[in-house]
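K.L.:
Read left to right, the sequence shown gives residues 27 to 424 (this note's numbering).
By construction, the Cβ of each residue, glycine as well, lies at the ideal position given by its N, Cα and C atoms.
Starting off with a structure, shown below.
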Amino acid sequence: MLLSAPPAVLAHGEGGDVLPAEPGLAMSAAAALRGLDERRPLPSTRLDGVLLKGDAGMDPGGGQVEQATVAAAWRWHPAWGAYAAAGTHGDEPLRLEALWLQWRHDGDDHDALLTAGRQGLAAGPVLLATGPAEAFVLQPLAQRAALDHPDGDDGVQLGWRGSALGADLAVDGGLWRGRAFPGAPQGGRGGPGTSLHLGLAAPAWNADAVWLRLRPEARGTSTSPALGHSHGVPACDPAFTEVICFGGRVDLLGASLRWRGADSPLRWPLTLTGAGWWRTDDGRLESANGLADYRGRTAGGWADAEWAWHPAWSLGWRHERLRARHHLDGPGATLLALEARLQHAGTARRDTVQLAWQAAPWARIGLAAGEETIAGSTGRFVALRLVVTTAWATMSAP
Numbered sequence: 027m028l029l030s031a032p033p034a035v036l037a038h039g040e041g042g043d044v045l046p047a048e049p050g051l052a053m054s055a056a057a058a059l060r061g062l063d064e065r066r067p068l069p070s071t072r073l074d075g076v077l078l079k080g081d082a083g084m085d086p087g088g089g090q091v092e093q094a095t096v097a098a099a100w101r102w103h104p105a106w107g108a109y110a111a112a113g114t115h116g117d118e119p120l121r122l123e124a125l126w127l128q129w130r131h132d133g134d135d136h137d138a139l140l141t142a143g144r145q146g147l148a149a150g151p152v153l154l155a156t157g158p159a160e161a162f163v164l165q166p167l168a169q170r171a172a173l174d175h176p177d178g179d180d181g182v183q184l185g186w187r188g189s190a191l192g193a194d195l196a197v198d199g200g201l202w203r204g205r206a207f208p209g210a211p212q213g214g215r216g217g218p219g220t221s222l223h224l225g226l227a228a229p230a231w232n233a234d235a236v237w238l239r240l241r242p243e244a245r246g247t248s249t250s251p252a253l254g255h256s257h258g259v260p261a262c263d264p265a266f267t268e269v270i271c272f273g274g275r276v277d278l279l280g281a282s283l284r285w286r287g288a289d290s291p292l293r294w295p296l297t298l299t300g301a302g303w304w305r306t307d308d309g310r311l312e313s314a315n316g317l318a319d320y321r322g323r324t325a326g327g328w329a330d331a332e333w334a335w336h337p338a339w340s341l342g343w344r345h346e347r348l349r350a351r352h353h354l355d356g357p358g359a360t361l362l363a364l365e366a367r368l369q370h371a372g373t374a375r376r377d378t379v380q381l382a383w384q385a386a387p388w389a390r391i392g393l394a395a396g397e398e399t400i401a402g403s404t405g406r407f408v409a410l411r412l413v414v415t416t417a418w419a420t421m422s423a424p
């Protein structure tokens, strides 16, 4: 997702765009490598109490590739360009993250963008940051509860870029196949999804809000305690084999705000970030043991503070909160809730501190420690993280 999403806030269609500003080809790569020690398995790995895919999650312990991405961006005409990215994490094979075509029109006072293909939801620089783009060592709890592990979807996004009162403005509307969670891929049926994004960027501020509506059918949640980490959603077969199935409507609301003191008149070496996700699921849950009307409400957020007291050194702190509530009404409702492990719903929290060193323009090293409490279980961790980003082979078109 670091490289797959279309630009959320652009200055007249260029600043922040992953495509070259002028006709040409650009290659890039990014990776986050992590070594993490946990005293006991972290409860966020499975994140019981939230209706997700139901897999055991990707164990963050030990040394592993948190995420790695390679990408190519090609603009062959001032108005036309294309982008492709592939990524991996852990020991999984390389998989296609993005493949899209973009048309851009640059006007005198505003620009228009039309992006079609597999891509990320336009949501700004904070809400969907993962892997190398994520400032801290673990995915935010609220992001995980809203999207599980964010994946691109096939769709079309129409964007408008302009400026007013010294700020850059962005508006993006999208139509989606609805095949990425919390839609219904792999055996389910994902109805058309719609999205809307509003963004504002000023010298010291970024503010974004996004809404996404999906209508999944036969979206599976595994009830097997042994299922390992998976990008796919369990298939809802007629026998409901170790699966519980959801059908209905999903709404996602996200918002973020970031203030960079170094770019403000105060010139403080302090960056403050706040973000949150709210997800609602309304429909029905069904398994071999019951059928129930279902209402799920999950809300959470995080707040960051990063103090860069030296050009190469910074100290950061993140506080997170998450709350999930579920209501089931119908025959077998209690069994359904137990199968989906919804009895663990409640309030979760996590606190993380991190010391980061910008060892080179392309390398950032972080030492982090944290504690989380989820469903009455507490986990503690320390981690060493290396983030590498680079770009090369940029060529001008003839």
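Span of the beta strand (DSSP E) holding Ala325?
P.N.:
Gly316 to His336
K.L.:
In angstroms with no decimal places, state the Cα-to-Cα distance between Gly396 and Ala281.
P.N.:
Take the alpha-carbon of Gly396 and the one of Ala281: they are about 24 Å apart.
K.L.:
Should the region 354–364 be called in touch with the region 389–403, which here means at least 3 C-beta pairs below 8 Å?
P.N.:
By the C-beta criterion, the region 354–364 is judged not to be in contact with the region 389–403, since fewer than 3 inter-stretch pairs fall below 8 Å.
K.L.:
What are the boundary residues of the alpha helix (DSSP H) that includes Leu77?
P.N.:
That residue, Leu77, is in no alpha helix (DSSP H); it is neither H nor E in DSSP.
K.L.:
Does Pro32 pass the burial test, meaning 16 or more other C-beta atoms within 10 Å, or should it be called exposed?
P.N.:
Low confidence applies to Pro32: its pLDDT is 40, below 50, so where it sits in the model is not reliable enough to give any reading.
K.L.:
For the structure I just gave you, are there three or more beta carbon pairs, one from the region 87–95 and one from the region 152–172, closer than 8 Å?
P.N.:
yes
K.L.:
Measure the alpha-carbon distance for His336 versus Arg203 and round it to whole angstroms.
P.N.:
46 Å
K.L.:
For Pro151 and Pro260, I'd like the C-alpha separation in whole angstroms.
P.N.:
31 Å
K.L.:
Using the rule of at least 16 other Cβ atoms within 10 Å of the residue's Cβ for burial, across every protein chain shown, is Leu127 buried or exposed?
P.N.:
Around the beta carbon of Leu127, fewer than 16 other beta carbons sit within 10 angstroms, so the residue counts as exposed.
K.L.:
Go ahead and pull the three-state DSSP assignment for Pro33.
P.N.:
Summary for Pro33: the model assigns pLDDT 36, below 50, so the residue's position carries little reliability; its value from the coordinates is reported in the next sentence. In this structure, Pro33 counts as coil in the three-state DSSP scheme.
K.L.:
Report yes if the CB atom of Ala148 is closer than 7 Å to the CB atom of Trp186, and no otherwise.
P.N.:
Not a contact, by the Cβ cut-off of 7 Å.
K.L.:
Going by DSSP, which residues form a beta bridge with His223?
P.N.:
Asp198 and Val236
K.L.:
Please list the terminal residues of the continuous beta strand (DSSP E) segment that includes Thr114.
P.N.:
DSSP places Thr114 in the uninterrupted beta strand (DSSP E) bounded by Trp106 to Thr114.
K.L.:
Gln384 lies in the beta strand (DSSP E); which residues open and close that run?
P.N.:
Thr373 to Ala386
K.L.:
Nearest-angstrom Cα distance between Asp429 and Leu224?
P.N.:
Outside the modelled stretch of the chain, which goes from 27 to 424, sits residue 429, for which no answer is possible.
K.L.:
To the nearest angstrom, how far is it from the Cα of Leu341 to the Cα of Leu78?
P.N.:
Taking the straight line joining both Cα atoms gives about 33 Å.
K.L.:
Please identify the residue among Arg286, Arg406 and Gln183 whose C-alpha is closest to the C-alpha of Leu238.
P.N.:
Gln183
K.L.:
Leaving out the 5 sequence neighbours to the left and right, which residues in its chain are closer than 6 Å to Gly322 when beta-carbon positions are compared?
P.N.:
Closer than 6 Å at the Cβ level, and outside the excluded window around Gly322, lie Leu77, Asp307 and His352.
K.L.:
Where Leu59 and Ala409 are concerned, what is the direct C-alpha to C-alpha distance, given to the nearest angstrom?
P.N.:
10 Å
K.L.:
Using CA coordinates, which residue listed in Gly89, Ser70, Thr71 and Trp100 is at the minimum distance from Glu48?
P.N.:
Trp100
K.L.:
Quick check on the DSSP output: what are the complete beta strand (DSSP E) runs of length 3 or more inside the region 276–303, in order along the chain?
P.N.:
none
K.L.:
Sort Ala210, Glu118, Arg144 and Asp180 by Cα distance to Arg275 and report the nearest one.
P.N.:
Ala210
K.L.:
For Gln369, report the span of its beta strand (DSSP E) as first-last.
P.N.:
Unbroken run through Gln369: none, as it is neither H nor E.
K.L.:
Leaving out five residues on either side along the sequence, give the residues of the same chain with a beta carbon under 6 Å from the beta carbon of Leu279.
P.N.:
Trp237 and Trp304
K.L.:
Where does Leu141 land, buried or exposed, given buried means 16+ other C-beta within 10 angstroms?
P.N.:
Checking the displayed sequence, the identity of residue 141 turns out to be Thr instead of Leu. With 16 or more other Cβ atoms within 10 Å, it is buried.
K.L.:
First and last residue of the beta strand (DSSP E) that includes Arg130?
P.N.:
Arg121 to Asp132
K.L.:
Assuming Ala329 and Gly300 make a contact with CB atoms under 8 Å, what is their CB distance in whole Å?
P.N.:
5 Å
K.L.:
List the DSSP bridge partners of Glu268.
P.N.:
Looking at the DSSP assignment, Glu268 forms no beta bridge with any residue, so it has no partner.
K.L.:
Helix, strand or coil: how does DSSP classify Gln496 here?
P.N.:
Not covered by the structure: residue 496. The range shown for the chain is 27 to 424.
K.L.:
In its own chain, which residues sit with a C-beta less than 6 Å from the C-beta of Glu332, not counting the 5 before and 5 after it?
P.N.:
Annotation for Glu332: Thr297, Ser340 and Gly342 place their beta carbon closer than 6 Å to its own, counting only its chain and skipping 5 residues before and after.
K.L.:
Quick one: what's Gly83 bridged to in DSSP?
P.N.:
For Gly83, which the question treats as bridged, DSSP gives no partner whatsoever.
K.L.:
Along the chain, where does the beta strand (DSSP E) that runs through Glu397 open and close?
P.N.:
Where Glu397 is concerned, the enclosing beta strand (DSSP E) stretches over Ala389 to Ile400.
K.L.:
What residues are listed by DSSP as bridge partners for Arg170?
P.N.:
The partner list for Arg170 (beta bridge, DSSP) is empty, contrary to what the question assumes.
K.L.:
With DSSP collapsed to three states, give me the class of Pro242.
P.N.:
Three-state result, Pro242: strand.
K.L.:
I believe Gly188 touches Asp135 by the beta-carbon criterion, under 8 Å. Please report the beta-carbon distance rounded to the nearest angstrom.
P.N.:
7 Å
K.L.:
Taking the alpha-carbon of Gly50 as reference, which of Thr71, Ala105, Gly88 and Arg65 has the nearest alpha-carbon?
P.N.:
Ala105
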